[in-house]
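Trainee:
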Amino acid sequence: MNTKLFISILFFCLIFSSCDRDQESHSEVIQINLNDAKKSVALSSFLKNPNFILLKDSEQIPLVSPYQFQFKNNKIFVRDLDYNNIHIYSRNGEFLEAILSSGEGPKEFIQINDFFVTENEVIIQDTYLRKIIKFDHGGNFLSERPHLINNSRFAFSADKFLYYMANDPEFDGKNYIIEKDEKITAKLLQIEPELENSGKFLQSNSFLELGENQFLLYRPYTYQINYLDLESNKLKQSISFDFGEAQLTPSQHRMSTNLKNQLVSERNLVAQFISVLPTTNGTIISFLRGNKQRFYLHLSPNQNLHSLISEPENDMIPITLNSPWTTDGERIYYILNSIDFYNQYAKHFAEQNVSIEDGNIHDFFQKNKNQLIEDRTLLISFQVKDTF
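Residue numbers for the sequence shown, in this note's numbering: 47 to 434.
1. When the Cα atoms are used, what is the spatial distance from Ala88 to Glu359?
2. Assuming Leu366 contacts Gln390 under a Cβ cut-off of 8 Å, what Cβ separation, rounded to an integer in Å, is found between them?
3. Whose C-alpha, out of Leu425, Lys118, Gln417, Pro239, is nearest the C-alpha of Ser104?
4. So what's Glu240 in DSSP terms, helix, strand or just coil?
5. Exposed or buried, what is Ala204 when buried is set at 16 or more other beta-carbons lying within 10 Å of its beta-carbon?
6. Can you list, in chain order, the residues of its chain whose CB lies under 6 Å from that of Phe333, leaving out five sequence neighbours each side?
7. Please list the segments of the alpha helix (DSSP H) lying wholly inside the segment 201–271, counting only runs of 4 or more residues, in order along the chain.
8. Can you name, in chain order, every residue of its own chain whose Cβ lies under 8 Å from the Cβ of Ile61, other than the five neighbours on each side?
9. Where does the unbroken alpha helix (DSSP H) through Asp409 begin, and where does it stop?
10. Which residue or residues does DSSP assign as beta-bridge partners of Asn383?
11. Assuming contact is defined by CB atoms lying nearer than 7 Å, are Thr325 and Thr373 in contact in what I supplied?
12. DSSP on Ser436, reduced to helix/strand/coil?
13. Please state the DSSP three-state secondary structure of Ala396.
14. What I want to know is whether the C-beta of Lys393 ends up closer than 6 Å to one or more non-hydrogen atoms of the ligand NAP.
15. Taking the beta strand (DSSP E) that Ser356 falls in, what are its first and last residues?
16. Tell me whether Gln171 is buried or exposed, calling it buried when 16 or more other Cβ atoms sit within 10 Å of its Cβ.
17. What's the call for Asn130, buried or exposed, on a 16-neighbour Cβ count within 10 Å?
18. Would you report the Cα separation of Phe289 and Gln77, rounded to the nearest angstrom?
19. Once DSSP output is grouped into helix, strand and coil, what is the label at Gln298?
20. In angstroms, rounded to a whole number, what distance separates the CA positions of Asp421 and Thr164?
21. Decide if Phe162 is buried, meaning its Cβ has at least 16 other Cβ atoms within 10 Å, or exposed.
22. Would you check if the distance between the CB atom of Ser252 and the CB atom of Asp160 is smaller than 7 Å?
23. Determine the contact status of Ile224 and Asn259, defining contact as a CB-CB distance below 7 Å.
24. Can the beta-carbon of Phe434 be found closer than 7 Å to that of Pro96?
25. From Glu376 to His352, what distance separates their C-alpha atoms?
26. What does the Cβ neighbour count give for His133, buried or exposed, with the cut at 16 atoms within 10 Å?
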């Protein structure tokens, strides 16, 4: 072969290979030894400023199964998993509007597979009807279009849609698809062969915004977090957590729920992350070991430091908290049934003289006790301290 021709071919191969690597991101593995977790740590050592929001439902349209939350423009948008409705509240919990699943016709949807809220729009994906439909924040219909991609999650920014394929190899075996003007402009992250067609997984958080055109997604069936940039059409970074002998193999991730739970309990394993919640002071990752021991893993804002805490002691409020559920980028939120909060508060503070101060737990209880005894949704949120 001509030497110059060979060098030219080699040069172009290197260029294309380099571009491919750039597109596929920086990958990092963080080793986690669960035995090194800090114990007997107070919740107040890494969280502060508790806040309480009681979601005051409409009597005509009750919120039955709150599952997915988004926060935008001082409003709270809640997906009702059972009824496929979007409920909209003010930041203090007053009911404002609901976007209802109403049918299979034009300007209607019947199923919510995912939803995303922008500054002005509520975008809903209905895979059953194979459409994407948009409403304004007042619940008014804006537009709809066919949607034939069988993704599980999506985000929207910079006039582009970002889709997560949930290990469906339809698009050249890639897990992320970027679409603009209904044309695919990028395919990112090769699906691991052992996870191909592993199926969709219901999770409380979809793509989470990190800033303009920046998103984070935790991938089910893995211990991996992906950071994506819609402006550059790139997967910027992937962070995987290695729990050693305490984690599931890819094939074990695909086991039936009952068998997997049995295996996790018997071998004291980490099945998955319950939530991955980015905030201005770092990312809080919550998970269970052996389906019982609760952990909090904190990843610093620049992802170069991490701290691990096991079973923190709730010294802030006398209310049982499970794992944090969602985030607005500033605070992490726990979700409770209001009657459970009422009963625990009443039991703990029975016959005590309490100090009622503006915004504290006693002030909240006194102002809302008549509604707390009803079957409502309560959000308790905290800020993450800058010194974890």
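Built from N, CA and C at the ideal position, the CB exists for glycine as well.
Mentor: With the given structure in hand:
1. 5 Å
2. It should be noted that the sequence gives Thr, not Leu, for residue 366. Contact holds; Cβ gap of about 7 Å.
3. Gln417
4. helix
5. exposed
6. Val316, Phe319, Ile320, Phe341
7. none
8. With a pLDDT of 38 at Ile61, under the threshold of 50, the predicted position of this residue should be treated as unreliable, though the coordinate-derived value follows. Here the set comprises nothing.
9. 407–418
10. Thr423
11. yes
12. The question about residue 436 has no answer here: the residues shown for the chain are numbered 47 through 434.
13. coil
14. For the ligand NAP, the structure offers nothing, since it holds no ligand at all.
15. 352–356
16. buried
17. buried
18. 6 Å
19. helix
20. 30 Å
21. buried
22. yes
23. no
24. no
25. 19 Å
26. buried
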